[in-house]
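Chains as they are written, first to last, in our numbering: chain A, 6 to 329; chain B, 6 to 329. Glycine is no exception: its CB is placed at the ideal position from the N, C-alpha and C atoms. First the structure, in the form of structure tokens, and then the observations on it.
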């Protein structure tokens, strides 16, 4: 489907329609950029929520020449949220209220979520996700509460400081254009969110992360989200281009597998989106678990030797650095 | 350490000491039986809980000739449980009460937990765990509430019905010796407990599972637990002996890797013991996550062709069979 990007900036349209257009356009743009580095192309699956409203489109590349596994998914869903779900959200959104006679709420949500795992242990894994949520008055169809969330982060198996700096700088630039207070806040939030408590280490070297973002006009936040989206390809693609053909040893591949085990631990034990999806009836499990790597390994009581490249990464995961 | 098994049957000793002896004896017996099938031996790590009481002994075999990874761990711990932990347990144990001035409770717990992952995709993975928990009056040191829990289950990548029958029969026999109502109940409980909700399938072909077992005299339950323990080696070792050298294709190995991915999903998302351990400060994470396989794989939207051996397993995981 070809989507006209003009709608993104059309002020006469509701934010929900503009954000939906943005995620559809970015899915095409990002998958094209990634496919440019591989001889295998993305496979597209469209799905609907059945009795509920909306659906999504998963684009997955498996067993490519550069990428072992990568998925760029969008979902555009609407329907009614049960009163319990509303109750949980109220802590962060005072103006959220039940509107149906049973306390249920009409909602709309859309977002893009991607995870890319290259083969080469020197090329980093990445994840990004930008999403919009709103509740709707069932009478007037006007937006009631709304917020944006999202972020992008990098998970290398080997630390190249210049790569970490590059990734952070691109995302800092994207935010600074609108508000210089955002990057420091979202960088810190990212380190905190992706902290694997039971391991005492972060999943990767961070990036940006934010949620419940409703403190500026929605139109302005949409521009910020677009700016972050625009930063993604230039922040990540050059790193893969640079590292995808770097020679590596079997030991380096094995270290990557262990780091992927930690990635799985974070996603299955701690990631709120994954938890929510797995416990929500009607979710498309394949799209949620697309984030898991094609291969992962767990070695009992594995600790890299001090001073090695593996240990250098671990030290940064144990105490996050400021990259820019 | 050599432990005298005589204490297991010494009625003059408290149950806690007899159960501790049982798990220590069984750790030696089971690891010896497993090591007999491999050229690599178990590596032993002893650990203590630091400021808290007790500790454990992890015995792990990695990268053997028969076993890719296996662990047989025991823990024998004691100390004080905070009031919140007691609150959660009260639903099942009415006679459980806070005894410290702050509502905390003195407790003792011991158990053995094992997970064995063979290399060969025709040889099944297995898990077993037997445990005892009690609360103690801080004045008299007498046992207040107590219960046993445990079970053993089998997770094949390929279904050999005779293997499933053998494993179930041995555990049925072990329980029938004491009470013929137990196996049907614990077999069903096992199928329910190891159900991976988000996949609509069980982790494996089941076995037995029970918790909060305090409905018979403790001495009698201890004998039942010993009987289950005794069933383990004869229920599992012959299956590995029979399958460990069966020729297999790369496709069969890959199917095993996918099934191991599901194993990881169950353990990290649903297993109560793992969840409890990962969220409890002071846990030894390496011992808890010893259960994870050395290698696992996630393939997007993978479904075996109907009528294949892979599909035959899936059908049984989707609707559990009665094996004996």
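Compare the C-beta of residue 308(B) against all C-beta atoms of chain A and say whether one is closer than 7 angstroms. Output row for residue 308(B): interface = no.
Contact defined as beta carbons within less than 8 angstroms: I believe residue 28(B) pairs with residue 117(B). What is the distance between those atoms, to the nearest angstrom? The beta-carbon separation of residue 28(B) and residue 117(B), rounded to 4 angstroms, stays under the 8 angstroms limit for a contact.
Note down, in chain order, each residue of its chain lying with its Cβ closer than 6 angstroms to the Cβ of residue 131(A), except the 5 sequence neighbours on either side. Exclusion of the five residues before and after residue 131(A) leaves 121, 159 and 241 as the residues of its chain whose Cβ lies within less than 6 angstroms of its Cβ.
Of the choices 306(A), 305(A) and 320(A), whose alpha-carbon is the least far from that of residue 312(A)? In terms of Cα proximity to residue 312(A), the closest of 306(A), 305(A) and 320(A) is 320(A).
Using a Cβ-Cβ cut-off of less than 8 angstroms, list which residues of the segment 246–271 of chain A approach chain B; keep chain order. Residues of the segment 246–271 of chain A with a Cβ closer than 8 angstroms to any Cβ of chain B, in chain order: 262, 266, 269 and 270.
In chain order, which continuous runs of the beta strand (DSSP E) of length 3 or greater are located wholly inside the segment 65–103 of chain A? The qualifying runs are 72–86.
What's the C-alpha gap between residue 273(B) and residue 9(A)? If you draw a straight line from the Cα of residue 273(B) to the Cα of residue 9(A), it is about 42 angstroms long.
7 angstroms CB neighbourhood of residue 263(B) in its chain, flanking five on each side removed: Answer for residue 263(B): 302, 304 and 307, listed in chain order.
Hey, is residue 305(B)'s beta-carbon within less than 7 angstroms of any beta-carbon in chain A? True, the Cβ-Cβ gap to chain A drops below 7 angstroms.
is_contact[residue 295(A), chain B] using C-beta, thresh 7 angstroms: True, the Cβ-Cβ gap to chain B drops below 7 angstroms.
Give, in chain order, every unbroken run of the beta strand (DSSP E) that is at least 3 residues long and sits entirely within the segment 169–239 of chain B. Runs of the beta strand (DSSP E) spanning 3 or more residues and lying entirely within the segment 169–239 of chain B occur at 212–218, in chain order.
Tell me residue 136(B)'s beta-bridge partners as DSSP assigns them. Partner(s): 116(B) and 154(B).
From the DSSP output, read off the bridge partner residues of residue 111(A). As a beta-bridge residue in DSSP terms, residue 111(A) pairs with 85(A) and 141(A).
Please say whether residue 114(B) and residue 82(B) have beta carbons closer to each other than 7 angstroms? Yes, Cβ-Cβ distance for residue 82(B) and residue 114(B) is below 7 angstroms.
At the 7 angstroms Cβ level, is residue 273(B) part of the contact set with chain A, yes or no? Among the CB atoms of chain A, one or more fall inside 7 angstroms of the CB of residue 273(B).
From the DSSP secondary-structure annotation, give me the bridge partner or partners of residue 51(B). For residue 51(B), which the question treats as bridged, DSSP gives the partners 62(B).
As a quick exercise: from 269(B), 288(B) and 276(B), pick the residue whose alpha carbon is nearest that of residue 298(A). The shortest C-alpha separation from residue 298(A) is found at 269(B).
What does residue 119(A) touch in chain B if you count any residue whose Cβ is under 7 angstroms from its own? In chain order: nothing, as chain B lies at least about 13 angstroms away.
Rounded straight-line distance, which links the Cα of residue 324(B) to that of residue 207(B): Residue 207(B) and residue 324(B) have their C-alpha atoms roughly 8 angstroms apart.
Short check: CB of residue 126(B) to CB of residue 258(B), under 7 angstroms? Result yes, Cβ atoms of residue 126(B) and residue 258(B) sit closer than 7 angstroms.
What residue does the alpha helix (DSSP H) around residue 279(A) start on, and which one ends it? Annotation for residue 279(A): the continuous alpha helix (DSSP H) segment containing it runs 277–284.
Answer yes if the segment 280–299 of chain B comes into contact with the segment 196–207 of chain B, meaning at least three C-beta pairs across the two stretches below 8 angstroms, and no otherwise. Remark: fewer than three beta-carbon pairs, one from each stretch, lie closer than 8 angstroms, so the segment 196–207 of chain B and the segment 280–299 of chain B are not flagged as touching.
Across the segment 227–236 of chain A and the segment 245–255 of chain A, are there enough close Cβ pairs to call them in contact, namely three or more that are closer than 8 angstroms? Verdict: no, contact absent.
Quick check: what's the CA-CA separation for residue 63(A) versus residue 21(A)? Rounded to whole angstroms, residue 63(A) to residue 21(A) spans 20 angstroms at the Cα level.
Buried or exposed, going by whether 16 or more other CB atoms sit within 10 Å of the CB of residue 289(B)? If you draw a 10 Å sphere on the C-beta of residue 289(B), you find 16 or more other C-beta atoms in it, and that means buried.
Taking residue 36(B) as part of the beta strand (DSSP E), name the residues at either end of that continuous run. Per DSSP, residue 36(B) lies in no beta strand (DSSP E); the unbroken alpha helix (DSSP H) holding it starts and ends at 20–40.
For a contact defined as C-beta to C-beta under 8 angstroms, what are the partners of residue 298(B) on chain A? For residue 298(B), the neighbours in chain A by C-beta distance under 8 angstroms run, in chain order, 303.
Can you give the Cα-Cα distance for residue 98(B) and residue 150(B), rounded to whole angstroms? The alpha-carbon atoms of residue 98(B) and residue 150(B) are separated by roughly 7 angstroms.
Can you grab the Cα-Cα spacing for the pair residue 109(A) / residue 14(A), in whole Å? In this structure, the alpha-carbon of residue 109(A) lies about 32 angstroms from that of residue 14(A).
Hey, would you say residue 66(B) sits closer than 7 angstroms to residue 75(B), going by beta carbons? The answer is yes: Cβ separation under 7 angstroms.
First and last residue of the alpha helix (DSSP H) that includes residue 324(A)? Where residue 324(A) is concerned, there is no enclosing alpha helix (DSSP H), given that its DSSP letter is neither H nor E.
For residue 71(A), which of 146(A), 61(A) and 38(A) has the nearest alpha-carbon? The shortest Cα separation from residue 71(A) among 146(A), 61(A) and 38(A) belongs to 38(A).
Is it buried or exposed for residue 95(B), if we count other Cβ within 10 angstroms and need 16 for buried? Burial call: exposed.
Proximal residues, the segment 69–96 of chain B versus chain A, C-beta separation under 9 angstroms: So the close ones are 74 and 76.
Return yes when the Cβ of residue 156(A) is within less than 7 angstroms of the Cβ of residue 218(A), no when it is not. Between residue 218(A) and residue 156(A), the C-beta spacing is not below 7 angstroms.
What do you get for residue 276(A), buried or exposed, if any count of 16 or more other CB atoms within 10 angstroms of its CB means buried? Only buried fits residue 276(A), as 16 or more other CB atoms lie within 10 angstroms of its CB.
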